[in-house]
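Structure record follows, encoded as structure tokens.
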């Protein structure tokens, strides 16, 4: 059987799905949209100027084309699994549909956060962790998965009391600053990594305003996926901030279970 996974795998969670399918003897491949990068610095500069002055993002369109180019190379699939289909243009979904008899969607986010109503008819089955979406749209209920091996707490020696890693989000940042200010008098050892291109302004501000600088770290590049368990093992508690419209469990819950952490 041939199965293709298509996703924007920023945190490299999805590669575990491909690995498990391969372990079962399935011919599995992964079209990772997030892995598509500029060929050189010149292309990156051109893309930046295009976004600023023309309001166009050539990289976005090249990523969309990358999907079809990859499918053309691997050929027809028995099944295709698309994670978070709203990240892909509708005309691309039309072409993806032609490469398989069974097209499946797996929604990592709620429909309230990432609407995908206009794309639902392209899929035979749609899985969601969100109870409200399952009820309102008739999706199949599924939880996230645990990619970590079990490591008992007795084999870990954490130095932090609380740890959190997240992609850059202004609302989360505001909530984190409030939380840090509340926890600071309690002498809790707390560390936060906020990853994303938009965090550079905050990193620059920290040169002048050093408040919470030892706790709140900003980075452009994400922490390598294989290194994440090391960060989690170094804390007693993993922090998870749920969005207002979220009703399902995030990966943090499963990571905490595997490492016997409080959350």
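Residue numbers (my numbering): -12 to 250.
We put the CB at the ideal spot given by N, CA and C, even for glycine.
Just so we're clear, the structure is a prediction, and the values are computed from it rather than from any experiment.
I'd like the list of long-range same chain contacts for residue 136, defined as Cβ closer than 8 Å, with 5 residues on each side in sequence excluded. Walking along the chain shown from the start, residue 136 turns up at place 149. The answer, listed in chain order, is 245.
From residue 228 to residue 156, what does the alpha carbon distance come to, in whole angstroms? On the chain shown, position 241 is the one that residue 228 refers to. On the chain shown, position 169 is the one that residue 156 refers to. For residue 228 and residue 156, the distance between alpha carbons rounds to 11 Å.
With 16 as the cutoff for other CB atoms within 10 Å, does residue -8 come out buried or exposed? One-based indexing of the chain shown puts residue -8 at position 5. Burial call: buried.
Given this structure, state the Cα-to-Cα distance separating residue 220 from residue 150, to the nearest angstrom. Stepping through the chain shown from its first residue, residue 220 is reached at position 233. Stepping through the chain shown from its first residue, residue 150 is reached at position 163. For residue 220 and residue 150, the distance between alpha carbons rounds to 10 Å.
Cutting at 6 Å between CB atoms, please list the residues of its own chain near residue 199, excluding the five before and the five after it. Residue mapping note: residue 199 aligns to position 212 of the chain shown, counting from 1. Once the five neighbours on either side are set aside, the close Cβ partners of residue 199 are 167.
Distance check for residue 106 and residue 73, CA to CA, integer angstroms please. The residue labelled residue 73 in the question sits at position 86 within the chain shown. The residue labelled residue 106 in the question sits at position 119 within the chain shown. Cα to Cα, the separation comes out at about 7 Å.
Three Cβ pairs or more, each shorter than 8 Å: is that satisfied between the segment 230 to 240 and the segment 109 to 121? yes
Would you say residue 222 and residue 145 are within 8 Å of each other, going by their C-beta atoms? If you number the chain shown from 1, residue 222 lands on position 235. If you number the chain shown from 1, residue 145 lands on position 158. Yes, they are a contact pair.
Among 51, 10, 12, 8, which residue has its Cα nearest to the Cα of residue -5? In the chain shown, counting from the first residue as 1, residue -5 sits at position 8. Among 51, 10, 12, 8, the Cα nearest to that of residue -5 belongs to 51.
DSSP bridge partner residues for residue 69 (one or two, in chain order): Looking up residue 69 in the chain shown gives position 82. Residue 69 pairs with -7, 92.
From the DSSP output, in three-state form, read off residue 87 for me. Taking the chain shown and counting its residues from 1, one reaches residue 87 at position 100. Of the three classes helix, strand and coil, the one that applies to residue 87 here is strand, per DSSP.
Local conformation of residue 258 per DSSP, three classes: There is simply no residue 258 to check, as the chain begins at -12 and stops at 250 in what is shown.
Report yes or no: do the segment 176 to 188 and the segment 122 to 140 share at least 3 C-beta pairs separated by less than 8 Å? no
Let's test the definition: count the other Cβ atoms within 10 Å of the Cβ of residue 201 and tell me whether it reaches 16, buried, or not, exposed. Counting from 1 along the chain shown, the entry for residue 201 is found at position 214. Classification of residue 201: exposed, given that the 10 Å Cβ count is below 16.
Taking residue 83 and residue 70 to be in contact with their CB atoms under 8 Å, please state how far apart those CB atoms are, rounded to whole angstroms. As a position in the chain shown, residue 83 is number 96, starting the count at 1. As a position in the chain shown, residue 70 is number 83, starting the count at 1. Contact flag wrong, Cβ pair sits at about 13 Å.
Measure the alpha-carbon distance for residue -11 versus residue -3 and round it to whole angstroms. On the chain shown, residue -11 is found 2 positions in, with the first residue counted as 1. On the chain shown, residue -3 is found 10 positions in, with the first residue counted as 1. Approximately 24 Å between the Cα atoms of the pair.
Residues sharing a beta bridge with residue 225, DSSP: Within the chain shown, residue 225 is the residue found at index 238, counting from 1. DSSP lists 150 as partners of residue 225.
Straight-line Cα distance separating residue 173 from residue 75: Counting from 1 along the chain shown, the entry for residue 75 is found at position 88. Counting from 1 along the chain shown, the entry for residue 173 is found at position 186. If you take the alpha carbons of residue 75 and residue 173, they lie about 45 Å apart.
Can you find the residues in the same chain that come closer than 6 Å, C-beta to C-beta, to residue 3, ignoring five residues on each side of it along the sequence? Mapped onto the chain shown, residue 3 falls at position 16. Only 134 meet the Cβ criterion.
Taking the alpha helix (DSSP H) that residue 157 falls in, what are its first and last residues? Mapped onto the chain shown, residue 157 falls at position 170. Taken as a continuous stretch (DSSP letters only), the alpha helix (DSSP H) holding residue 157 covers 157 to 170.
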